[in-house]
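Enquirer: Quick note on numbering: the sequence shown equals residues 27 to 255 in the working numbering. First the structure, which I've put down as structure tokens, then a few questions once you've had a look.
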Amino acid sequence: MESKFLKDALFGGMTSNSFKLGTVLSFGWFWMRVSGCTVLYRGLSMETIDFDGTLAVSEYDSTLAAPPDYLEHNIDTTYFYVVRRVNVCGNEEQTLAGAVKIAIDSNGDIIEPHPNSIFKVKAKQIAGGKVELIWFYSPFRQGAEPVCFNVYYDNGTGEIDYQNKLSAINYNGRKFYSYTTGALVLGKYLFAVRAEDLSGNEDESLAQVTVGLSDSSPTPINILSTESI
Numbered sequence: 027m028e029s030k031f032l033k034d035a036l037f038g039g040m041t042s043n044s045f046k047l048g049t050v051l052s053f054g055w056f057w058m059r060v061s062g063c064t065v066l067y068r069g070l071s072m073e074t075i076d077f078d079g080t081l082a083v084s085e086y087d088s089t090l091a092a093p094p095d096y097l098e099h100n101i102d103t104t105y106f107y108v109v110r111r112v113n114v115c116g117n118e119e120q121t122l123a124g125a126v127k128i129a130i131d132s133n134g135d136i137i138e139p140h141p142n143s144i145f146k147v148k149a150k151q152i153a154g155g156k157v158e159l160i161w162f163y164s165p166f167r168q169g170a171e172p173v174c175f176n177v178y179y180d181n182g183t184g185e186i187d188y189q190n191k192l193s194a195i196n197y198n199g200r201k202f203y204s205y206t207t208g209a210l211v212l213g214k215y216l217f218a219v220r221a222e223d224l225s226g227n228e229d230e231s232l233a234q235v236t237v238g239l240s241d242s243s244p245t246p247i248n249i250l251s252t253e254s255i
């Protein structure tokens, strides 16, 4: 915990932070919010959040923290907001637990958060003319938690059909996942796996994997001769 508000006493409480926190009434020397409060900060990355510049202040038990109307949000830019509580003594918690990532697209609209893309999916032919897919998912810094993984394929056409999924595999944390198709006719196939969250938003991965089904056996190795050395 840290009593940052006392820094404003050096300027007689005549600072933007003091006006927002109310300590301007005591020239920055005394904490005025006897019930505590919630403060909002922003930065262009988690490492560059400006914790010296308070954007907005709300009640301690508030569930809403809105940035001021004058604050700009540039297109094609990502921002990180952090909410922190300040107790009855003016001591602010030192945590990043209340952080959220906001991405703005080229039209100025907020990009809906989505799960991470999966790590490279691998495919192989197995017995019975089937294909086994294996992939890994890590939730590190994900925008949203997935509820399932959607499996798509091209049915041998050369173009994956993302409108009709082949299957959905339930999400169960950070681990390897797999899916096995039914029997397929011989030929080449394209597969893709995308993570989907509770709101139906998928990750934006365009990754695909190709696998060919064949009924021929590998060519045997001919050993011409052997000798001891």
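Don't be surprised by glycine CBs; every beta carbon is placed ideally from N, CA and C. Model, not experiment: these values are computed from the prediction.
Check each candidate in P165, E118, T206, W57 and name the one with the smallest Cα separation from T64.
Expert: It is E118 whose Cα lies nearest to the Cα of T64.
Enquirer: Give me the Cα-Cα distance between D187 and Y179, rounded to the nearest whole angstrom.
Expert: Looking at the two C-alpha atoms, the distance is approximately 6 angstroms.
Enquirer: Could you tell me which residues DSSP puts in a beta bridge with P172?
Expert: Paired residues: D223.
Enquirer: Cβ-heavy atom distance between Q120 and the ligand MN below 7 angstroms?
Expert: Within the structure as shown, the ligand MN is missing, as the structure has no ligands at all.
Enquirer: Report all residues from its chain with a CB closer than 8 angstroms to the CB of F106; omit the five preceding and five following residues, and keep chain order.
Expert: Excluding sequence neighbours, F106 sits near R68, G69, L70, S71, M72, I75, A125, V126, K127, I128.
Enquirer: Compute the beta-carbon to beta-carbon distance between S61 and V109, rounded to the nearest angstrom, for a pair I have assumed lies under 8 angstroms.
Expert: At roughly 17 angstroms, the Cβ-Cβ gap does not stay under 8 angstroms, so S61 and V109 are not in contact.
Enquirer: How many Å lie between H140 and L232 at the Cα?
Expert: If you take the alpha carbons of H140 and L232, they lie about 14 angstroms apart.
Enquirer: Please give me, in chain order, every unbroken run of the beta strand (DSSP E) with length at least 3 that falls completely inside the region 54-126.
Expert: Within the region 54-126, the complete beta strand (DSSP E) runs of at least 3 residues are 63-69, 82-85, 103-112.
Enquirer: What residue does the beta strand (DSSP E) around N196 start on, and which one ends it?
Expert: Start and end: 193-196.
Enquirer: In or out: S164 buried (at least 16 other Cβ within 10 Å) or exposed?
Expert: Exposed: under 16 other Cβ atoms inside 10 Å.
Enquirer: Report the residue from A82, N181, K201 whose alpha carbon sits nearest the alpha carbon of A92.
Expert: Checked all of A82, N181, K201; the closest Cα to A92 is A82.
Enquirer: Within the same chain, show all residues whose beta-carbon is closer than 7 angstroms to that of A88, passing over the 5 residues directly before and after it, in chain order.
Expert: Ala is not the amino acid found at residue 88; the sequence shown has Ser there. Hits under 7 angstroms: T64.
Enquirer: Near I101, which residues of its chain fall below 8 angstroms by C-beta distance, leaving aside the five closest residues on each side in sequence?
Expert: Within the same chain, I101 has close Cβ partners I130, D131, S132, N133, G134.
Enquirer: For the putative contact between L192 and L212, defined by C-beta atoms under 8 angstroms, what is the C-beta separation to the nearest angstrom?
Expert: Not quite, the Cβ-Cβ distance comes to about 18 angstroms (not below 8 angstroms), so this is no contact.
Enquirer: Quick check on this structure: which residue in F217, Q168, K156 has the alpha carbon closest to the alpha carbon of S143?
Expert: Per the Cα distances, Q168.
Enquirer: Are the CB atoms of L210 and V157 within a distance shorter than 8 angstroms?
Expert: Yes, these two residues count as a Cβ contact at 8 angstroms.
Enquirer: Could you name each continuous beta strand (DSSP E) segment of 3 residues or more that falls completely within the region 132-165, going from the start of the chain to the end?
Expert: Entirely contained in the region 132-165, the beta strand (DSSP E) runs reaching 3 residues are, in chain order, 145-152, 156-163.
Enquirer: For N43 and T80, I'd like the C-alpha separation in whole angstroms.
Expert: Roughly 6 angstroms separates the two Cα atoms.
Enquirer: Which of the three DSSP states is assigned to T206 in this structure?
Expert: Strand.
Enquirer: Go through its chain and collect everything with a Cβ distance to H99's Cβ below 8 angstroms, but skip five positions before and after it.
Expert: The answer, listed in chain order, is Y105, I128, I130, G134.
Enquirer: Contact defined as beta carbons within less than 8 angstroms: I believe R220 pairs with N176. What is the distance between those atoms, to the nearest angstrom?
Expert: The pair is a contact, with the Cβ atoms about 5 angstroms apart (cut-off 8 angstroms).
Enquirer: Measure the CB-CB distance between L159 and S204 and report whether it falls below 8 angstroms.
Expert: Result yes, Cβ atoms of L159 and S204 sit closer than 8 angstroms.
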